[in-house]
DNA sequence: ATCAAGCAGATTGTCGACAATCTAACAAGT
DNA sequence: ACTTGTTAGATTGTCGACAATCTGCTTGAT
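Protein chains in written order, with full-length UniProt numbering: chain A, 1 to 240; chain B, 1 to 240.
Put into structure tokens, the structure is as follows:
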């Protein structure tokens with residue numbers, strides 16, 4: 001009997017595929033915040049009945065990237081500057097905790113994986129693939145949460161990462177300029193490889209690694225515009 | 001125009017009521033960990049079709065208290081000692097963060113609400129209503145998260161609190177002895193009213209306020225038993 | 001002109017039935 | 001005895017249709 005360990009086979013329900021499709025559409029910004037999801041239309045587009053689609057939407061509502069109002073519809077969550085700020089501040093706390101848990105568990109496999117993900121970010125940056133750049137950067141940051149061996153922390157992080165990805169995608173789509181070429185994750189990776197845990201934690205708490213300041217400024221500017229134009233966000237709601 | 005603020009009217013979908021019913025059943029321990037939820041049977045019992053029931057179950061899966069295996073069924077999550085430990089250690093981190101955020105926002109209304117919830121715990125304790133005691137204790141601890149004015153933190157706490165409630169309910173049902181009569185929350189409340197934030201945070205991090213040690217010991221004993229009887233947890237799976 | 005009542009039209013919520021898949025029991029072969 | 005096929009039953013996944021609810025427009029009265 002060989003000691004080969006197989007990976008679990010893929011979920012073969014329509015529901016699971018719909019969840020993946022919708023999540024991707026939302027996180028990449030193809031579905032904009034506030035936008036209403038018309039069940040009939042989406043179901044027809046996907047060649048699927050409404051039952052699995054509705055179940056998928058229920059999952060994404062609980063995942064925090066959709067919101068549902070009975071008999072009115074299901075919408076992509078609206079993003080406010082406060083939401084971003086809240087998410088970011090909690091993120092810092094979780095990072096600090098994850099570093100603490102991960103620290104003594106670091107080994108060669110950890111360092112290798114860290115380099116691998118770091119390299120993926122750099123490659124996406126070189127390719128000017130902004131969507132992938134966001135994705136890989138979050139995966140790089142997610143490693144400490146995966147490695148921390150705390151399932152509840154990991155779940156929490158993944159929920160948070162979904163939103164962060166959405167926020168950044170939103171931001172990237174808004175600004176037309178190319179992404180920064182320099183490597184902003186260099187320090188982060190170096191500290192995680194080092195021997196000073198406190199320094200790594202401090203970096204997580206203090207350093208704006210993911211361009212958050214710019215993201216926040218963008219969100220605030222959006223709200224300025226919205227408050228001037230009365231209920232602009234509502235008016236902008238489109239149907240898919 | 002009066003400045004009366006109305007509460008949102010109740011959700012009138014079957015789905016929402018089913019979610020509430022199921023959640024209550026799980027958190028009070030009426031549905032045991034590992035137990036399978038038979039859709040047809042539950043739907044008949046609730047006089048509801050499977051569609052809203054399934055949607056409700058999808059929500060609870062994402063909420064983390066149910067788990068689903070395609071074409072096999074949906075089960076109440078299994079509880080391991082590690083799960084409890086993970087949840088508790090994250091809980092401490094979140095508490096510390098919540099205290100930091102709440103601290104400068106404390107006002108008379110906060111203190112009043114703190115006392116009100118504290119009183120509710122004491123009353124449930126006097127009445128020997130263990131289920132309600134757990135519920136009120138978690139509501140007491142939840143106040144700092146509600147007050148912190150960070151929506152992401154609050155969401156995260158609520159997910160965590162669901163699990164904690166489930167764990168404690170499990171424990172309480174197992175031990176036949178009456179609950180402790182003394183008031184273990186006295187110090188917690190006093191520190192939250194005081195002026196030393198660090199002390200309050202230290203208390204949250206160090207003091208075992210919610211009988212966690214005993215809960216952990218119980219969970220570990222369960223696993224001891226399980227490992228002896230091979231796959232006892234699976235064998236014990238009952239249908240509702 | 002303003003406002004309430006009421007009437008389509010569209011959309012969400014729910015239902016019952018059917019299809020796909022799993023489980024367990026049994027039979028047959030080695 | 002042990003594995004491998006087969007089959008019947010039960011359960012989950014999906015579908016199409018109907019009911020409940022909302023939205024916006026029209027109508028009519030003041």
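Where a beta carbon is used, it is the ideal one built from N, C-alpha and C, also for glycine. All of these numbers come straight from a predicted model, not from anything done at the bench.
A:196 is the residue among A:6, A:213, A:196, A:205 whose C-alpha sits nearest the C-alpha of residue 103 of chain A. Per the coordinates, the alpha-carbon of residue 71 of chain A lies some 9 Å from the alpha-carbon of residue 13 of chain B.
Taking C-beta atoms under 8 Å as the contact rule, residue 137 of chain B and residue 185 of chain B qualify, at a distance of about 7 Å. Annotation for residue 75 of chain B: no alpha helix (DSSP H) segment contains it, though the beta strand (DSSP E) segment containing it runs 73-76.
Residue 135 of chain B sits close to residue 165 of chain B, with the two beta carbons spaced by under 8 Å. CA-CA distance, residue 123 of chain A to residue 111 of chain A, rounds to 18 Å. Around residue 18 of chain B, the same chain offers 46, 48, 52, 53, 56 as residues with beta carbons nearer than 7 Å, after the five sequence neighbours per side are excluded. Listed by position along chain B, the residues whose Cβ is nearer than 7 Å to that of residue 95 of chain A form an empty set, because the closest Cβ is around 11 Å away. The stretch 55-69 of chain A makes no contact with the stretch 141-156 of chain A; the number of CB pairs closer than 8 Å stays below 3.
Using a Cβ distance threshold of 8 Å, residue 216 of chain B and residue 99 of chain B do not count as a contacting pair. DSSP places residue 68 of chain A within a strand segment (E or B) once states are collapsed to three. Of the residues B:192, B:174, B:126, B:169, the one whose Cα lies closest to the Cα of residue 141 of chain B is B:192. Counting every other CB atom within 10 Å of its CB across the protein chains shown gives residue 29 of chain A a total of 16 or more, marking it as buried. Residue 22 of chain B sits in a helix when the DSSP states are folded into three classes.
Contacts between residue 34 of chain A and chain B, judged by CB atoms closer than 7 Å, are missing: the closest CB pair is about 17 Å apart.
The beta-carbon of residue 162 of chain A is placed no less than 8 Å from the nearest beta-carbon of chain B.
Taking a 10 Å sphere around the C-beta of residue 40 of chain B, we find fewer than 16 other C-beta atoms and assign the residue as exposed. For residue 169 of chain A, the enclosing alpha helix (DSSP H) has its first and last residue at 151-174. At a cut-off of 8 Å between C-beta atoms, residue 152 of chain A counts as an interface residue with respect to chain B. Shown here, residue 143 of chain B sits in a helix according to DSSP, grouped into three states. Remark: C-beta atoms of residue 160 of chain B and residue 91 of chain B approach each other more closely than 8 Å.
Residue 204 of chain A is outside the set of residues whose beta carbon lies under 8 Å from a beta carbon in chain B.
The three-state reading of DSSP puts residue 53 of chain A in helix, counting H, G and I together.
Not one beta carbon of chain B lies nearer than 8 Å to the beta carbon of residue 78 of chain A.
Note on geometry: alpha-carbon atoms of residue 75 of chain A and residue 213 of chain B lie some 43 Å from one another. At a beta-carbon threshold of 9 Å, none of the residues of chain B lie near residue 198 of chain A; the nearest stands roughly 16 Å away.
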